[in-house]
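If you use this note's numbering, the sequence shown corresponds to residues 3 to 371, in order.
A virtual CB, placed ideally from N, CA and C, is assigned to each residue, including glycine.
Scroll down for the structure; my scribbles are underneath it.
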Amino acid sequence: MRILHTSDWHLGRSFHRESLLAAQAAFVDHLVETVRAERVDVVAVAGDVYDRALPPVDAVALLDEALGRLRGAGARVVLISGNHDSALRLRFGSELFEAAGVHVRTWPDRSWEPVLIDGVAFYGIPYLEPELVRAAWELPDRSHTAAISCAMTRIRADAVRHRASVVLSHCFVTGGQASDSERDISVGGVAHVPLRAFDGVDYVALGHLHGRQRMSETVRYSGSPLAYSFSEVGHLKGSWLVTLGEGAEFVPAPVPRPVGRLRGELEDLLTLPAYTAYEDHWLQVVLTDAVRPKSAMDRLRARFPHTLALSFDPAGGAPAAQPVRLSGRPEAEVALDFVREVRGEPAAPEEEDLLRQAIEASRVKETMA
Numbered sequence: 003m004r005i006l007h008t009s010d011w012h013l014g015r016s017f018h019r020e021s022l023l024a025a026q027a028a029f030v031d032h033l034v035e036t037v038r039a040e041r042v043d044v045v046a047v048a049g050d051v052y053d054r055a056l057p058p059v060d061a062v063a064l065l066d067e068a069l070g071r072l073r074g075a076g077a078r079v080v081l082i083s084g085n086h087d088s089a090l091r092l093r094f095g096s097e098l099f100e101a102a103g104v105h106v107r108t109w110p111d112r113s114w115e116p117v118l119i120d121g122v123a124f125y126g127i128p129y130l131e132p133e134l135v136r137a138a139w140e141l142p143d144r145s146h147t148a149a150i151s152c153a154m155t156r157i158r159a160d161a162v163r164h165r166a167s168v169v170l171s172h173c174f175v176t177g178g179q180a181s182d183s184e185r186d187i188s189v190g191g192v193a194h195v196p197l198r199a200f201d202g203v204d205y206v207a208l209g210h211l212h213g214r215q216r217m218s219e220t221v222r223y224s225g226s227p228l229a230y231s232f233s234e235v236g237h238l239k240g241s242w243l244v245t246l247g248e249g250a251e252f253v254p255a256p257v258p259r260p261v262g263r264l265r266g267e268l269e270d271l272l273t274l275p276a277y278t279a280y281e282d283h284w285l286q287v288v289l290t291d292a293v294r295p296k297s298a299m300d301r302l303r304a305r306f307p308h309t310l311a312l313s314f315d316p317a318g319g320a321p322a323a324q325p326v327r328l329s330g331r332p333e334a335e336v337a338l339d340f341v342r343e344v345r346g347e348p349a350a351p352e353e354e355d356l357l358r359q360a361i362e363a364s365r366v367k368e369t370m371a
């Protein structure tokens with residue numbers, strides 16, 4: 003059996019206010035093409051299908067299209083909810099979907115009820131908030147380890163009846179490498195689940211962490227299909243193509259626009275040929291000029307039109323801020339001191355005139371109110 007393991011689509015997410023819907027649609031195209039080319043039997047989606055509990059309508063439409071096209075390409079789909087999803091909303095229509103070959107698992111108490119596909123048992127463990135199942139499952143403590151271990155004990159007891167078993171789970175396995183774009187799922191510092199909790203099954207398709215990772219030969223994270231933070235610079239995005247009993251290979255996904263980080267003085271960034279390769283990237287830029295350059299973002303975007311984040315870290319460190327007396331001083335003087343402190347140099351004469359005019363206009367408006 004051939005399984006395409008993917009996760010963390012986060013449909014509806016933006017990247018520093020840039021819409022990613024077209025890029026996510028391109029990833030769906032890629033998945034469908036891979037299913038056809040590789041004769042994939044099952045697509046396993048390990049949670050965080052949407053980016054938030056109440057997704058935008060265009061994200062819902064894209065998921066609807068994706069599921070229909072994957073079935074049309076010949077694959078069954080097994081899908082679980084993640085910590086970003088609303089389990090209740092995601093399971094809507096799931097009984098009807100079941101008959102069509104799309105198996106949605108968002109109920110904790112159905113984690114050990116397998117989806118049987120050609121003799122292989124697929125178990126979907128949705129994201130488990132320990133407090134919500136603690137009493138019903140008689141857990142010894144409020145931890146993800148306790149919740150996952152309880153589900154896996156029941157899964158192992160059932161799996162012996164089948165020729166092979168696959169588990170989908172959305173959690174943080176100890177030793178995994180996180181990025182800045184995952185939402186924290188810790189509860190009192192007990193979010194991690196040990197790798198040994200997943201012993202006893204043939205393959206575990208993990209979701210939650212956004213970088214592809216091999217925790218063992220049979221336990222893997224596929225990662226997200228796109229970069230959702232600048233901490234994911236250098237990640238290879240895609241899915242695991244798993245052949246049960248033989249191994250797995252990674253199938254890279256298309257990169258609609260690479261992400262990058264640049265650091266240096268503004269004039270170097272604007273003129274040096276070494277930075278040419280970054281002109282089509284989404285960029286996070288840190289300027290190290292001793293004095294904050296004027297109109298820095300506009301000047302950067304003249305060469306790097308997709309600069310999304312800009313910060314300032316002067317070489318050698320910024321000088322220690324000096325105490326500023328506010329009481330009894332004219333507003334214009336306080337404001338000009340602020341400009342000097344932030345920029346590292348005084349306001350230009352025309353800027354000073356404009357600032358004074360703005361303060362005077364505000365005072366007039368207050369008087370008339």
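Apart from the 5 residues on each side of it in sequence, Leu65 sits with its Cβ closer than 7 Å to the Cβ of Leu13, Val51 in its chain, given in chain order. In this chain, the alpha helix (DSSP H) harbouring Gly70 covers 59 to 74. Collapsing the DSSP output to three states places Leu310 in a strand. Judged by DSSP secondary structure, Ile82 falls within the beta strand (DSSP E) whose first and last residues are 78 to 82. Non-local beta-carbon contacts of Ile5 in its own chain, meaning distances under 6 Å to residues more than five positions away in sequence, involve Val44, Ala46, Val244 in chain order. Counting only unbroken stretches of 3 or more residues, the beta strand (DSSP E) elements lying wholly within the stretch 256 to 315 are 261 to 266, 284 to 289, 309 to 314, in sequence order.
Thr273 is classed as exposed because its beta carbon has fewer than 16 other beta carbons within 10 Å across all chains shown. Burial is judged here by how many other beta carbons sit within 10 angstroms of a residue's own beta carbon; Ser241 has at least 16 and is buried. For Ser21, the beta-bridge partners assigned by DSSP are Ser16. Cβ atoms of Leu289 and Phe314 come within 8 Å of each other, at about 5 Å. The residue from Thr278, Val62, Ala255 with its alpha-carbon nearest to that of Gly262 is Thr278. Scanning the stretch 153 to 195 for uninterrupted beta strand (DSSP E) segments of 3 residues or longer gives 166 to 172, listed from N- to C-terminal end. If the five residues before and after Arg358 are omitted, its C-beta is found closer than 6 Å to the C-beta atoms of Ala334, all from its own chain and listed in chain order. A Cβ-Cβ contact shorter than 8 Å links Ser233 with Asp182.
Taking Arg136 as the centre and dropping the five residues before and after it, the same chain places the C-beta of Arg144 closer than 7 Å to its C-beta, in chain order. In the assembly as shown, Thr155 is an exposed residue. Its beta-carbon has fewer than 16 other beta-carbons within 10 Å. Ranked by Cα distance from Ile157, the first of Gly74, Pro258, Asp201, Leu228 is Asp201. Distances from the CA of Ala25 to each of Cys173, Glu352, Pro227 were compared; the closest alpha carbon is that of Pro227. For the pair His146 and Ala207, the CB atoms are not nearer than the 8 Å cut-off.
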